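Residue numbers (my numbering), protein chains in the order written: chain E, 1339 to 1571; chain G, 40 to 836.
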């Protein structure tokens, strides 16, 4: 099976002559996999995620996602690619405070030009699935952390992306709420959603991912199956 | 220790300046252009209010010019007159002579004509203790045979033209080498002093010109007293003529007055707009730095140090902008004031020194106040409060707008952008006001330019009668503007008319023509004679625009300008009695026309009105209307060739006075629009910085660069559209107020067509002026926002 994500000798430097944030990384992720990227602070985890999402460009190497070389796309091309193929979940949610929950969820669909009725139906479906439909007209500032992260997950899924990227999705949540979110992610992966999540917590990695990639100083130190999710595949 | 603290503040200041390069640049540019616009506008307002007085002081004008018979007053007596107790300054004696000149005819005519008497004064250089002359073209006369003409000389000869002194032994010829202006209008021309004797006719008494300034000369009575003292100091009959500066001032002021209202209007708009933008830019820059202030405080900066670092961060570019703005304002002022000085008929105009000092000082104080208030407030906040205030946008505003606009079937980036201004209502209101002022200036300027173009056409008749053909005057007949020529001596008026009319009929470009006679009549109630123009045939097309009433239908009816009605106290429908060649003629006033020439004292009538009163009425000129598409210059050249040198042919052009005004309007409007656009740019830059994290989110969920640009432009597009919609009626109202004020100051009414200049299609475009200013100001920061790296934006707090 072709890899959903293929990073080939990817390097990212922020300073000329400085240590690269990501150093000659080779990584393949198959469709339907749940991969945890771990490492200490400054190991390059978030940089790697940004490169996969097209939020940043590699200094060298190639990044292919869903069959497309995203490192060569224009800003317009990568934005279009992202809204169709990638859903992003952030540690601090990154919701727009001026928009209601429903409007936040709808935004990627509206930017992609999806018909109003179709977009609304999909948003309603996601709000119900994530059990936040009663908050549809509320503003993010009034929600709890867990509720905000559910909104963020709904937004990430509205365009049915091939890939879900999560950067420390439970980092800003208390333990119980974090577990709820983690279960959500497991459920999504169980339905076939490909998932790459960044975390510094080995327990989270072990519980929510079938494979863990360890980054140290920008390089892959290890890449091993955790066996945690593999049990019920 | 103190040096260490000052060093920390300086480092914080330098760091802020370096990091916020865009903001620093915007502050500098806005203050530069605002200061420049204020210097220009205030300079023009001040100069317009007292142009003669300003120029008189700058050019050391003389209160009195006296022509003195040097055969009756000795040099010692002239010197003694300069030491009278009343005299504070004096210049002269300058030798003086009056000549009868033969002048070249209009370009292409090849003819010459005898002009009115010219008073020439001998001066070795244009400078002097009094009546400092301003050289406008060419150079000063250096040898006999050269003449510098006054810019007030009615026939406007260029350098290189030749003038022959008639009735003087040898018929000396003078070549024009320069054009100069005198605040005192002290002569029609200047030559080297030793030339004067050669230009004096045999038997003419030698005269000199003396110039005096007096301790008391502000009123006509004071001047009369000074003249009396001068007469007592010199031998009886020595003083043959005097001219007071007050007469010149009165003459110039009436020409200047129409300009004042519109310059004041632009000046006020410019000042208000500049103040608004400077305050908005600078206070916004400080508020945007609250987070940084919080960080500085958290590492130990005292409130005073914070205020110094932060206010300094905006004062440095503001100071640079003030200094650059003075230079800019003066650079812009130089050509405009030079043209305006020509328009005003005064020697030279400069921005007053107190404007050059006062405006930047005021702007700097304004900038300081605008920076100090929020800087002090930020300094008083605790570190945590400052960081929190700097990080969080104002909550609670704009939610309803987002909900409502989200329902519209418009692209989502557009609706998000349109709703954004409501999150910052105060900043939006200031932006709206700035765009409104800029767009109002644009609407006002468009109408004013259109009206002034119609005024120019109405003054020159260049659209209706672009070509005029003059008869050569016959002996004993009226001299006319061109004076008698050799042909006039030999050819009767009737033959000339037949010749001209045949030539006109033969020219393919001729549409119509009418002969006019230009005479003088005395009118009951008026002390001086008034010019009357009698037309032989239908002349309603000749370009005299009606203000009220109608064009005359036949003999016994006249049309008159506004001031004629004002001065005589008459109204349309009244009769007036005029005396032509000893015969009283009573005519009825049937219309008021736009004709401010000769201070609005004139009559227009049918040929038979005058012909019935006396024999020998002859036309002086033919007014010619051309077929559409005919070039006036080419037509005039062909007609001149057909008629020969004896019949001068001229082409009517628009008065450069009005063209200068239109240029001035354009410059001021552009400056104001640029300042308004910079204000928008600053608003959008601030907004972009505040919302950089949100921009990252938008881009992360798939907003393309083009969608980002659309969203950012829409942040101000709605405000621009609203401002434009208000600006159109505001600009029209300003136009409807200012234009009649200008006309009233000139002593004339205005035809309705000069006021009704706004066409619906034009208004629709003008309504977009606000949008254009807003979009233009937002383009650059929109591009920056679109180009921001998403990952970097997401990391921003």
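We put the CB at the ideal spot given by N, CA and C, even for glycine.
All of these numbers come straight from a predicted model, not from anything done at the bench.
### Task
Please decide whether residue 743 of chain G counts as near chain E, where near means a Cβ-Cβ distance under 7 Å.
For the purposes of this step, residue 743 of chain G is identified with residue 704 of the second chain, where counting begins at 1. By this cut-off, residue 743 of chain G is an interface position.
### Message
Checking the sheet assignment: what are the DSSP bridge partners for residue 1401 of chain E?
### Response
On the first chain, position 63 is the one that residue 1401 of chain E refers to. Secondary-structure assignment with DSSP links residue 1401 of chain E through a beta bridge to E/1345.
### Task
Tell me, please, whether the CB atom of residue 1417 of chain E is closer than 7 Å to any CB atom in chain G?
Numbered from 1 along the first chain, position 79 holds the residue referred to as residue 1417 of chain E. Chain G, which has a Cβ nearer than 7 Å to the Cβ of residue 1417 of chain E, makes this yes.
### Proximal chain E residues relative to residue 463 of chain G, where beta-carbon distance stays under 7 Å
By one-based count along the second chain, residue 463 of chain G stands at place 424. Here the premise fails: no neighbours, minimum Cβ distance about 11 Å.
### Query
For residue 691 of chain G, which three-state DSSP category applies?
Position 652 of the second chain, counting from 1, holds the residue named residue 691 of chain G. Looking at residue 691 of chain G - three-state DSSP - the assignment turns out to be coil, as it is neither helix nor strand.
### Query
Can you give the Cα-Cα distance for residue 670 of chain G and residue 688 of chain G, rounded to whole angstroms?
Your numbering for residue 670 of chain G matches position 631 in the second chain. Your numbering for residue 688 of chain G matches position 649 in the second chain. Approximately 14 Å, taken between the alpha carbons.
#### Entry: Beta-bridge partners of residue 575 of chain G, as assigned by DSSP
Within the second chain, numbered from 1, the residue matching residue 575 of chain G stands at position 536. Note: residue 575 of chain G sits in a beta bridge opposite G/554.
### Query
Based on the DSSP output, what are the partners of residue 230 of chain G in its beta bridges?
Along the second chain, one-based indexing puts residue 230 of chain G at 191. BP columns for residue 230 of chain G point to G/161.
### Within chain E, partners of residue 456 of chain G - CB distance below 7 Å
Taking the second chain and counting its residues from 1, one reaches residue 456 of chain G at position 417. Here the premise fails: no neighbours, minimum Cβ distance about 11 Å.
### Query
Since residue 867 of chain G meets chain E, which of its residues come closer than 7 Å, beta carbon to beta carbon?
The shown model of chain G, from 40 to 836, leaves out residue 867 of chain G, and the question about it has no answer.
### Query
Taking C-alpha atoms, which residue in G/637, G/571 and G/592 lies nearest to residue 616 of chain G?
Within the second chain, the letter at position 577 stands for residue 616 of chain G. Per the C-alpha coordinates, the member of G/637, G/571 and G/592 positioned closest to residue 616 of chain G is G/571.
### Query
Do residue 250 of chain G and residue 131 of chain G come within 7 Å of each other at the CB atom, strictly closer than that value?
Numbered from 1 along the second chain, position 92 holds the residue referred to as residue 131 of chain G. Numbered from 1 along the second chain, position 211 holds the residue referred to as residue 250 of chain G. In this structure, residue 250 of chain G lies closer than 7 Å to residue 131 of chain G by Cβ.
### Bridge-paired residues (DSSP) for residue 152 of chain G
Taking the second chain and counting its residues from 1, the one referred to as residue 152 of chain G is at position 113. Answer is G/142, bridged to residue 152 of chain G.
### Query
Is the CB of residue 1376 of chain E under 7 Å away from at least one CB in chain A?
Protein chains in the displayed structure are E and G, and chain A is not among them.
### Task
Mind listing the chain G neighbours of residue 1448 of chain E? Cutoff is C-beta to C-beta under 7 Å, in chain order.
Working through the first chain from its first residue, we reach residue 1448 of chain E at position 110. Close to residue 1448 of chain E, with beta-carbon spacing below 7 Å, are these residues of chain G in chain order: 451.
### Message
On a Cα-Cα basis, can you pick out the residue from E/1369, E/1367 and E/1382 that is closest to residue 1349 of chain E?
### Response
Within the first chain, numbered from 1, the residue matching residue 1349 of chain E stands at position 11. Checked all of E/1369, E/1367 and E/1382; the closest Cα to residue 1349 of chain E is E/1382.
### Message
Per the DSSP calculation, residue 251 of chain G is bridged to which residue(s)?
### Response
In the second chain, residue 251 of chain G corresponds to position 212, counting from 1. According to DSSP, residue 251 of chain G bridges with G/103 and G/129.
### Task
Kindly indicate if chain E contains any beta-carbon less than 7 Å away from that of residue 63 of chain G.
In the second chain, counting from the first residue as 1, residue 63 of chain G sits at position 24. No, no contact with chain E.
### Pair within 7 Å by beta-carbon distance, residue 105 of chain G and residue 281 of chain G
In the second chain, counting from the first residue as 1, residue 105 of chain G sits at position 66. In the second chain, counting from the first residue as 1, residue 281 of chain G sits at position 242. Closer than 7 Å, so yes.
### Query
Can we say the segment 600-614 of chain G touches the segment 463-470 of chain G, given the rule of at least three CB pairs closer than 8 Å?
With a cut-off of 8 Å, the segment 463-470 of chain G and the segment 600-614 of chain G do not count as touching, because too few Cβ pairs lie within range.
### Query
residue 726 of chain G touches chain E at which residues, Cβ-Cβ below 7 Å?
Counting from 1 along the second chain, the entry for residue 726 of chain G is found at position 687. In chain E, no part has a C-beta under 7 Å from the C-beta of residue 726 of chain G; the shortest such distance is about 13 Å.
### Message
Relative to the C-alpha of residue 207 of chain G, which candidate in G/739, G/234, G/751 and G/200 has its C-alpha closest?
### Response
Translated into the one-based positions of the second chain, residue 207 of chain G becomes position 168. Considering only G/739, G/234, G/751 and G/200, the residue with the shortest C-alpha distance to residue 207 of chain G is G/234.
### Query
If we ignore side chains and look at the alpha-carbon of each, how far apart do residue 686 of chain G and residue 667 of chain G end up?
Against the second chain, residue 686 of chain G aligns to sequence position 647. Against the second chain, residue 667 of chain G aligns to sequence position 628. When only Cα atoms are considered, residue 686 of chain G and residue 667 of chain G end up about 24 Å apart.
### Task
Answer yes or no: does any C-beta atom of chain E fall closer than 7 Å to that of residue 441 of chain G?
As a working note, residue 441 of chain G is residue 402 in the second chain. So yes, residue 441 of chain G belongs to the interface.
### Query
chain G beta carbons: is any one of them nearer than 7 Å to that of residue 1442 of chain E?
On the first chain, position 104 is the one that residue 1442 of chain E refers to. The beta carbon of residue 1442 of chain E sits no closer than 7 Å to any beta carbon of chain G.
### Query
Starting from residue 492 of chain G and walking both ways along the beta strand (DSSP E), at which residues does that stretch end?
One-based indexing of the second chain puts residue 492 of chain G at position 453. DSSP places residue 492 of chain G in no beta strand (DSSP E) but in the uninterrupted alpha helix (DSSP H) bounded by 464-499.
### Message
Quick check on this structure: which residue in G/219, G/681 and G/480 has the alpha carbon closest to the alpha carbon of residue 765 of chain G?
### Response
One-based indexing of the second chain puts residue 765 of chain G at position 726. Residue 765 of chain G has its Cα closest to that of G/480, out of G/219, G/681 and G/480.
### Query
Sorted by chain position, which residues of the same chain lie with C-beta nearer than 7 Å to residue 1443 of chain E's C-beta, five sequence neighbours on each side aside?
The residue labelled residue 1443 of chain E in the question sits at position 105 within the first chain. Take residue 1443 of chain E, set aside five residues on each side of it, and the residues of its chain with a beta-carbon closer than 7 Å to its own are 1461, 1464, 1465, 1489, 1492, 1493 and 1496, in chain order.
### Task
Kindly say whether residue 739 of chain G, judged by its beta-carbon, lies nearer than 7 Å to any beta-carbon of chain E.
Position 700 of the second chain, counted from the start, is the residue given in the question as residue 739 of chain G. By this cut-off, residue 739 of chain G is an interface position.
### Query
By Cβ distance, which residues of its chain are closer than 8 Å to residue 1379 of chain E, with the 5 residues on each side in sequence left out?
For the purposes of this step, residue 1379 of chain E is taken as the residue at position 41 of the first chain. The answer, listed in chain order, is 1538.
### Task
Using a cut-off of 8 Å between C-beta atoms, extract the partners of residue 1413 of chain E located in chain G.
Counting from one through the first chain, the residue named residue 1413 of chain E turns up at place 75. Neighbours of residue 1413 of chain E in chain G, taken as residues at a C-beta separation under 8 Å, are given in chain order as 743, 744, 825 and 826.
### Query
Cβ of residue 328 of chain G less than 7 Å from any chain E Cβ?
Locating residue 328 of chain G in the second chain gives position 289, where the first residue counts as 1. False, the Cβ-Cβ gap to chain E never drops below 7 Å.
### Query
Under 7 Å, do residue 76 of chain G and residue 322 of chain G count as touching if we go by C-beta distance?
Residue mapping note: residue 76 of chain G aligns to position 37 of the second chain, counting from 1. Residue mapping note: residue 322 of chain G aligns to position 283 of the second chain, counting from 1. Between residue 76 of chain G and residue 322 of chain G, the gap from beta carbon to beta carbon reaches 7 Å or more.
### Query
What residues of chain G sit near residue 1477 of chain E, judged by a beta carbon separation below 8 Å?
Stepping through the first chain from its first residue, residue 1477 of chain E is reached at position 139. Under a criterion of Cβ atoms nearer than 8 Å, the residues of chain G adjacent to residue 1477 of chain E are, in order, 438.
### Query
Does the beta carbon of residue 736 of chain G sit closer than 7 Å to a beta carbon anywhere in chain E?
On the second chain, residue 736 of chain G is found 697 positions in, with the first residue counted as 1. So yes, residue 736 of chain G belongs to the interface.
### Task
Please say whether residue 678 of chain G and residue 546 of chain G have beta carbons closer to each other than 7 Å?
Translated into positions along the second chain, residue 546 of chain G becomes position 507. Translated into positions along the second chain, residue 678 of chain G becomes position 639. In contact: residue 546 of chain G and residue 678 of chain G (Cβ atoms closer than 7 Å).
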